[in-house]
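*Asks:* Could you have a look at this structure, given as structure tokens, before my questions?
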Amino acid sequence: MRKVVMTWLTCLLLLSFTHQANAVDLRDRTTDLSDKPWSVTFNKPADPFTVNKDTVYIQSDDKFLLPSSLSISDDGKIIEVKPTKLYKPNVQYSLVILSKLQSKDKKIRLSKDTILRFKYEGAAFKSITAKPLSLGMNVIIQTKPEVKNIELTDAAGITHTMHRTGIDQYSFVLLSQHIGDILNLRAYDANESLLEDLAYEL
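Reading the sequence shown from the start, the letters are residues 91 to 292 in the numbering used here.
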């Protein structure tokens, strides 16, 4: 599990302030886990009353919050943020830690908001979109080149073979599907070996 290390800044550390502030601008990451948790480690215990879903959260690029759970270690130095809804392929997400966080002794606060941007990139699927139609949904998937077949199981438990509609692109029109329904997508290579098995919420 990767850890994001941040330091509580005080006047005594003013000489290293510039270095620490730059370190807060974290580089973008990718993950191959659709439910990857993130750990934030502090060098002093955090005040548990300031660790909540208003100060530590995951959001998508359209500013919608991703449902997640928060936990804090017994010593107060490690916060774990775990999504309770799977990441979607090729969507930009951000782990946000606001400067409202303060140390347990309430003497020190973070110097600035911190944002870690990341994307989920699976073994097979590059992007998935669902376009509403009058009678259902048109599911369009962009894949990696090694994908040769995709099976889709709809919310009713019926399995369909998706149609190849372009270079590394597949689609299928689902009838009577609604926003919030869960689909199961399985991608296979030329040897019919499973590359990725993904649950996707419309």
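Yeah, the Cβ is synthetic: ideal placement off N, Cα and C, and Gly gets one too.
Secondary structure at residue 208, three-state DSSP: helix, strand or coil?
*Replies:* In the sequence shown, residue 208 corresponds to position 118, counting from 1. Residue 208 falls in the strand class under three-state DSSP.
*Asks:* Using CA atoms only, rank isn't needed, just tell me which of 186, 226, 213 is closest to residue 279.
*Replies:* The count along the sequence shown starts at 1 and reaches residue 279 at position 189. Minimum Cα distance to residue 279 is reached at 213.
*Asks:* When you compare the stretch 218-225 with the stretch 195-209, are there three or more beta-carbon pairs, one atom per stretch, that lie closer than 8 Å?
*Replies:* no
*Asks:* Are there three or more Cβ pairs, one per stretch, closer than 8 Å when the stretch 144-159 is compared with the stretch 116-126?
*Replies:* no
*Asks:* Starting from residue 80 and walking both ways along the beta strand (DSSP E), at which residues does that stretch end?
*Replies:* Since the first residue shown for the chain is 91 and the last is 292, residue 80 is missing from the structure and cannot be characterised.
*Asks:* Would residue 146 and residue 169 qualify as a contact pair, given that the criterion is a beta-carbon distance under 8 Å?
*Replies:* Locating residue 146 in the sequence shown gives position 56, where the first residue counts as 1. Locating residue 169 in the sequence shown gives position 79, where the first residue counts as 1. Contact: yes.
*Asks:* Residue 227 lies in the beta strand (DSSP E); which residues open and close that run?
*Replies:* The residue labelled residue 227 in the question sits at position 137 within the sequence shown. It spans 226-233 - the beta strand (DSSP E) in which residue 227 sits, taken as one unbroken run.
*Asks:* Express the C-alpha separation of residue 207 and residue 117 in angstroms, rounding to a whole number.
*Replies:* Residue mapping note: residue 117 aligns to position 27 of the sequence shown, counting from 1. Residue mapping note: residue 207 aligns to position 117 of the sequence shown, counting from 1. C-alpha separation (whole angstroms): 7 Å.
*Asks:* Does the Cβ of residue 102 have 16 or more other Cβ atoms within 10 Å, making it buried, or fewer, making it exposed?
*Replies:* Stepping through the sequence shown from its first residue, residue 102 is reached at position 12. Legend: pLDDT at residue 102 = 23, less than 50; position of this residue unreliable, no value from coordinates given.
*Asks:* Can you tell me which of the three DSSP states residue 154 falls into?
*Replies:* Position 64 of the sequence shown holds residue 154. Note: residue 154 maps to coil in three-state DSSP.
*Asks:* With H, G and I counted as helix, E and B as strand and the rest as coil, what does DSSP make of residue 249?
*Replies:* The residue given as residue 249 occupies position 159 in the sequence shown. Note: residue 249 maps to strand in three-state DSSP.
*Asks:* To the nearest angstrom, how far is the alpha carbon of residue 130 from that of residue 290?
*Replies:* One-based indexing of the sequence shown puts residue 130 at position 40. One-based indexing of the sequence shown puts residue 290 at position 200. Their backbone Cα atoms lie some 27 Å apart in a straight line.
*Asks:* Is the Cβ-Cβ distance between residue 128 and residue 171 less than 8 Å?
*Replies:* The count along the sequence shown starts at 1 and reaches residue 128 at position 38. The count along the sequence shown starts at 1 and reaches residue 171 at position 81. Yes, they are a contact pair.
*Asks:* Can you tell me which residues form a DSSP beta bridge with residue 141?
*Replies:* Taking the first residue of the sequence shown as position 1, residue 141 is located at position 51. DSSP output for residue 141 lists no bridge partner at all.
*Asks:* Ignoring anything shorter than 3 residues, give me the beta strand (DSSP E) runs that lie fully in the stretch 157-204, in order along the chain.
*Replies:* Correct list: 158-162, 168-173, 182-187.
*Asks:* Need the endpoints of the beta strand (DSSP E) that residue 266 sits in, please.
*Replies:* On the sequence shown, residue 266 is found 176 positions in, with the first residue counted as 1. Note, residue 266: premise wrong, no beta strand (DSSP E); not H, not E.
*Asks:* My output table needs one value for residue 220: the three-state DSSP class, helix, strand or coil.
*Replies:* Looking up residue 220 in the sequence shown gives position 130. In the structure shown, residue 220 sits in a strand (DSSP, three-state: E or B).
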